[in-house]
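Structure first, then comments.
Numbering (the working numbering), first residue to last: 81 to 656.
Written out as structure tokens, the structure reads:
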């Protein structure tokens, strides 16, 4: 992997390339799948909006397959080796010792007393997961905005019964939200590594862990109402009709209601998948177009995370955006930390959490089963054998491994077949004009736009060379001192100084970093989040006419919570 460090940066927003000319739903997508595999013919879709991923630790190599893993080759990708030194151990993360549960200490001082530890009785013996019989009814998860009255009545009854269970019942709503809090806020140490937390976010465990969390939650609800076909709804935020808060959760007299939500964002207020902490004033149709263009690229996995590794080695883009912005958009700004959905310790207290993650899981399902059938994501046994504990519908403790989560059909659930309008999204593209001049130096604090001139080791590469290696823009040494802050910044290439329009944003944006706040377990210290962001830029450089430039100007534009965020540098590397 060749790389070169650089000097100072620039400013702006989003971008993308020609989409396939057909597919509108999952069924037609199966027939037209070859249209999404044209990398060898020079076609790699580009993300129209600023999107990216963040990763802990220093630089390091990244395989081009990881950069392009998903629908878009130009969307941001994060890959790091982390600071824990655990990669060499070649050992999967093991299910934690439930009897050794900590309270997260690195949480906001304004947070209430938090008990993240789920119920547990010493001596409880776990059973290994077995999938349901193939003859079991298939649970079809509906789009929340399409749910009828009969379904809503069942769903409300199930959640009401769950909330009425004794507080110490592992199937109760009181215990269910704690499961998420424990695994995402540092309540458990890694087995064999005292003081080193388990963190299922910002790594390759994000998708499989949340899939199984929803799987058991769904089956508990179905058991409570005696319905083996009951399925959780999904928030269909990737389609225009689903781009508002689902109305079934907005009834104040419903068990699905949570008062700790942003009251300004209740339906029909339009959802912003690129939410930076303040509402945009652009027309609704334009916002929908931006949302659709964001979806074009948001299907990436997180980075490897093994026993002994530091947490958060790197999120995939769908976790960074739109997952994190939707959490923040939903949370209540009247609360000190955006509770409930706006901060991870309390996120699962809101029933809409499960609909949001239903659509996140649906994105994984679409990519694995439909866009890239046969793609196994990872074959590494350290991923496949990573394990967790959940309680099932019979209140039995179950050990689940990642390999158990990979086939929804074997788990006997699927998703309602609805349209995929983002496959045909067409962003504005074109030359961005004269870049704003570089100014400043590293290390830099993101209290203002940072512009740096970056020397490219190789310019004017042939199509064959680009197919062999992706050019990767690396934002190095990102540090966020406060884990409880929602952070978002955008990254642009050759953006003009006055270029703040949507077309310029679409033409020059490499991606975004969005980090949702959460607590962590740290003994006696508050350590900063350390991240690296990576963006594949081959298509971007072609689209803005900069492929022949030996130097490009990179702008890092703070959007939210960046006043104390620092960046150590910017570099160009190449990934095979």
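Note that CB positions come from ideal geometry on N, CA and C, so glycine has one too.
Rounding to the nearest angstrom, what Cα-Cα distance links residue i and residue j in this structure?
i, j, result
"residue 364", "residue 325", "14 Å"
"residue 619", "residue 203", "56 Å"
"residue 655", "residue 570", "22 Å"
"residue 360", "residue 338", "24 Å"
"residue 237", "residue 305", "7 Å"
"residue 560", "residue 593", "12 Å"
"residue 546", "residue 621", "11 Å"
"residue 494", "residue 242", "23 Å"
"residue 192", "residue 625", "53 Å"
"residue 391", "residue 262", "14 Å"
"residue 628", "residue 539", "5 Å"
"residue 296", "residue 249", "14 Å"
"residue 293", "residue 630", "48 Å"
"residue 565", "residue 645", "10 Å"
"residue 446", "residue 439", "10 Å"
"residue 198", "residue 623", "51 Å"
"residue 470", "residue 558", "34 Å"
"residue 643", "residue 272", "37 Å"
"residue 395", "residue 276", "19 Å"
"residue 358", "residue 321", "22 Å"
"residue 414", "residue 407", "15 Å"
"residue 486", "residue 344", "38 Å"
Confirm, please, whether the CB-CB distance from residue j to residue i is below 7 Å.
i, j, result
"residue 552", "residue 653", "yes"
"residue 427", "residue 433", "yes"
"residue 405", "residue 355", "yes"
"residue 264", "residue 468", "no"
"residue 647", "residue 466", "no"
"residue 401", "residue 335", "no"
"residue 208", "residue 479", "yes"
"residue 649", "residue 550", "no"
"residue 420", "residue 429", "yes"
"residue 287", "residue 301", "no"
"residue 412", "residue 332", "no"
"residue 637", "residue 518", "no"
"residue 556", "residue 612", "yes"
"residue 641", "residue 567", "yes"
"residue 609", "residue 216", "no"
"residue 457", "residue 381", "yes"
"residue 531", "residue 635", "yes"
Let's test the definition: count the other Cβ atoms within 10 Å of the Cβ of residue i and tell me whether it reaches 16, buried, or not, exposed.
i, result
"residue 657", "In the structure displayed, the chain extends from 81 to 656; residue 657 sits before or after that span and is not available."
"residue 542", "exposed"
"residue 490", "exposed"
"residue 366", "exposed"
"residue 289", "buried"
"residue 282", "buried"
"residue 21", "Here the chain covers residues 81 to 656 and nothing more, so residue 21 does not appear."
"residue 462", "buried"
"residue 247", "exposed"
"residue 205", "exposed"
"residue 474", "exposed"
Check the C-beta distance from residue i over to residue j and give it rounded, since I have them as a contact under 8 Å.
i, j, result
"residue 223", "residue 316", "4 Å"
"residue 575", "residue 588", "4 Å"
"residue 460", "residue 384", "7 Å"
"residue 323", "residue 347", "Contact doesn't hold; Cβ gap of about 10 Å is too wide."
"residue 319", "residue 184", "Their Cβ separation, rounded to whole angstroms, is 36 Å, which puts residue 319 and residue 184 out of contact at 8 Å."
Please go through the stretch 543 to 593 and give each complete alpha helix (DSSP H) segment of 4 or more residues, from N-terminal end onward. Listed in chain order, the complete alpha helix (DSSP H) runs (minimum 4 residues) inside the stretch 543 to 593 are 543 to 548, 582 to 588.
Please give the ranges of any beta strand (DSSP E) in the stretch 406 to 481, keeping only runs that are unbroken, at least 3 residues long and fully inside the region. Complete beta strand (DSSP E) runs here, min 3: 467 to 471, 477 to 481.
I'd like the ranges of any alpha helix (DSSP H) spanning at least 4 consecutive residues and lying wholly in the stretch 167 to 253. Counting only runs of 4 or more, we get 229 to 244.
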